[in-house]
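K.L.:
For the sequence shown, position 146 matches number 131 in our numbering, and the numbering has no gaps at all.
Supplied in structure tokens, the structure appears directly below.
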Amino acid sequence: MLGEEIQNLGLNGPALVIAGRSAVALLAATWQSSLGAAGIAYTVFPFRGECSSAEIARGVTAAKETGARIIIGAGGGKVLDTARAVASDLELPVVNCPTIASSDAPCSALSVVYSEEGVFEQYRIYRRNPDLVLVDTDVIAKSPARFLVAGMGDALATWFEAKVCSDGGVKNMRGGASTRSALALAELCYKTLLADGTAALEALRKKTVTPALERLVEANTLLSGLGFESSGLAAAHAIHNGLTVAPPTHAFMHGEKVAFGVIVQLMLEEQSAAVLEKVLEFSVSVGLPVTFAGIGLDAPGRDTLEQIARRSVAPGETIHNEPFPVRQEMVFEALRAANAAGERFLAL
-14 MLGEEIQNLG LNGPALVIAG RSAVALLAAT WQSSLGAAGI AYTVFPFRGE
36 CSSAEIARGV TAAKETGARI IIGAGGGKVL DTARAVASDL ELPVVNCPTI
86 ASSDAPCSAL SVVYSEEGVF EQYRIYRRNP DLVLVDTDVI AKSPARFLVA
136 GMGDALATWF EAKVCSDGGV KNMRGGASTR SALALAELCY KTLLADGTAA
186 LEALRKKTVT PALERLVEAN TLLSGLGFES SGLAAAHAIH NGLTVAPPTH
236 AFMHGEKVAF GVIVQLMLEE QSAAVLEKVL EFSVSVGLPV TFAGIGLDAP
286 GRDTLEQIAR RSVAPGETIH NEPFPVRQEM VFEALRAANA AGERFLAL
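So, in structure tokens, the structure goes:
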């Protein structure tokens, strides 16, 4: 199907397939048959694990050396972010084939770039979205449950951040205005998580494709991707970026840190107890972190929290899309309040 869909778009090889080890093991035979049947020559570029400037440059070199005319990304969010970056640098079409539903990266026109050590550095915004996003839920159903849960954490932020940006008339990730349709998709994303999250997780644990899993994969990838890109980001993702300065959090996935960032955002905004409880209840039900300990921070000291808070409010950060000025000390207190709320909920 991959080769056929690429042909339907009028695209031709050779292709550079940027893929992680798991994707290669899972899909090597599929690429050989599908791309081979379409007459598309390809070379596999082994992804090293981090979407960094160095990894992007390595991919660009490989694409030039192989004469690639199309870039294919296969794997998780960081692989796909790298594929988009390589394609953008070379002005080539890009096809994304997520093998996990761990983030809203597949459909977006940006990459989250980190240092080699895993510290957030920048968002790279591109002129166009991927030419094709091909999601096979049979493949997703074989992935570890943690990836699907992390995708729910990323998607959980979509509604809360989109609402902030829409209400405040903030420009979206592409510099345009948010639309009612974008906000509606963001809200549908949130409602789908609440309605189907636990059932989808159970289906994945049984390696079974069900309607709930289909809807949840759509929420994690398409709805969340359209919602955040067309409306905007706010505090939750800025908190994620701040958390990356703490090395113990590097073992945790993007969506896991974003999920904790949602709770911090609710604290900053002084959201109602009912909203907070609903988010905590959902998060705990699917296994998302709600405390410092859940993202690797065992009783972090003041210095660590101040570093996180300082990075979260850096100039240009999306936390400044909140409808009030956000200062470092406010984030420091919101971090502590979010952890305390999570600990209280877990103790119930």
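We treat Cβ as the ideally placed atom computed from N, Cα and C, and that holds for glycine.
Note that the structure is predicted; figures quoted are calculated from it, not measured.
How big is the Cα-Cα spacing for L178 and I41?
P.N.:
Roughly 33 Å separates the two Cα atoms.
K.L.:
What does the alpha-carbon distance come out to for the pair A278 and A284?
P.N.:
Looking at the two C-alpha atoms, the distance is approximately 7 Å.
K.L.:
With 8 Å set as the bound, which would you pick, yes or no: does the beta-carbon of L186 sit closer than that to a beta-carbon of chain B?
P.N.:
Of the chains in the structure shown, none is chain B; there is only one protein chain.
K.L.:
What residues in its chain sit with their C-beta under 6 Å from that of A223, if we drop five residues either side in the sequence?
P.N.:
The residues are S297, E302, T303 and I304.
K.L.:
In the DSSP assignment, the beta strand (DSSP E) including R109 goes from what residue to what residue?
P.N.:
First-last of the beta strand (DSSP E) with R109: F105 to I110.
K.L.:
Could you say which of V2, K63 and L133 lies nearest to A47 if we only look at CA atoms?
P.N.:
With distances taken between Cα atoms, A47 lies closest to V2.
K.L.:
Please classify V316: does DSSP put it in a helix, a strand, or coil?
P.N.:
Residue state, collapsed to three classes: helix.
K.L.:
For R329, does the count of other Cβ atoms within 10 angstroms reach 16, so buried, or fall short, so exposed?
P.N.:
Exposed, by the Cβ-count rule.
K.L.:
Under the three-state reduction of DSSP, which class applies to S37: helix, strand or coil?
P.N.:
DSSP places S37 in strand when its eight states are reduced to three.
K.L.:
Which value, in whole angstroms, describes the spacing of the CA atoms of H225 and A323?
P.N.:
Near 14 Å, if we compare the C-alpha coordinates of A323 and H225.
K.L.:
Specify the secondary structure class of F132 as computed by DSSP and reduced to three states.
P.N.:
Helix at F132.
K.L.:
What number of angstroms, rounded off, separates the C-alpha of A221 from the C-alpha of A294?
P.N.:
When rounded, the distance between both Cα atoms is 12 Å.
K.L.:
Among the residues of its own chain, which have a CB less than 8 Å from the CB of V45, if the five just before and after it don't count?
P.N.:
Taken in chain order, the residues that qualify are V71, D74 and L75.
K.L.:
Please give me, in chain order, every unbroken run of the alpha helix (DSSP H) with length at least 4 that falls completely inside the region 1 to 32.
P.N.:
Those alpha helix (DSSP H) runs which fall completely within the region 1 to 32 and span 4+ residues are 6 to 22.
K.L.:
Among R43, S19, L133 and L168, which one has its Cα closest to the Cα of V149?
P.N.:
Of R43, S19, L133 and L168, the residue nearest in Cα terms is L168.
K.L.:
Going by alpha carbons, who is nearest to A22 out of S37, I(-9) and P31?
P.N.:
Ranking the options by Cα distance to A22, first place goes to I(-9).
K.L.:
Classify K242 as buried or exposed, calling it buried when 16 or more other Cβ atoms lie within 10 Å of its own Cβ.
P.N.:
Buried, because 16 or more other Cβ atoms sit within 10 Å of the Cβ of K242.
K.L.:
Measure from the alpha carbon of S37 to the alpha carbon of each residue in K63, M238 and C174, then state which is nearest.
P.N.:
Per the Cα distances, K63.
K.L.:
DSSP has A59 in a bridge; who is on the other side?
P.N.:
Answer is A4 and C82, bridged to A59.
K.L.:
Tell me the start and end of each unbroken alpha helix (DSSP H) in the region 237 to 276 that is at least 4 residues and wholly inside, in chain order.
P.N.:
Fully enclosed alpha helix (DSSP H) runs of 4 or longer: 239 to 253 and 258 to 271.
K.L.:
Is any heavy atom in the ligand FMN found nearer than 7 Å to the beta carbon of H225?
P.N.:
Absence of the ligand FMN is noted for the structure shown, with no ligands found whatsoever.
K.L.:
Which of helix, strand or coil does DSSP assign to V98?
P.N.:
Of the three classes helix, strand and coil, the one that applies to V98 here is strand, per DSSP.
K.L.:
Rounded to a whole number of angstroms, what is the C-alpha to C-alpha distance between L141 and L211?
P.N.:
Going from the Cα of L141 to the Cα of L211 covers about 13 Å.
K.L.:
Provide the residue span of the alpha helix (DSSP H) that contains V124, from first to last.
P.N.:
Start and end: T122 to I125.
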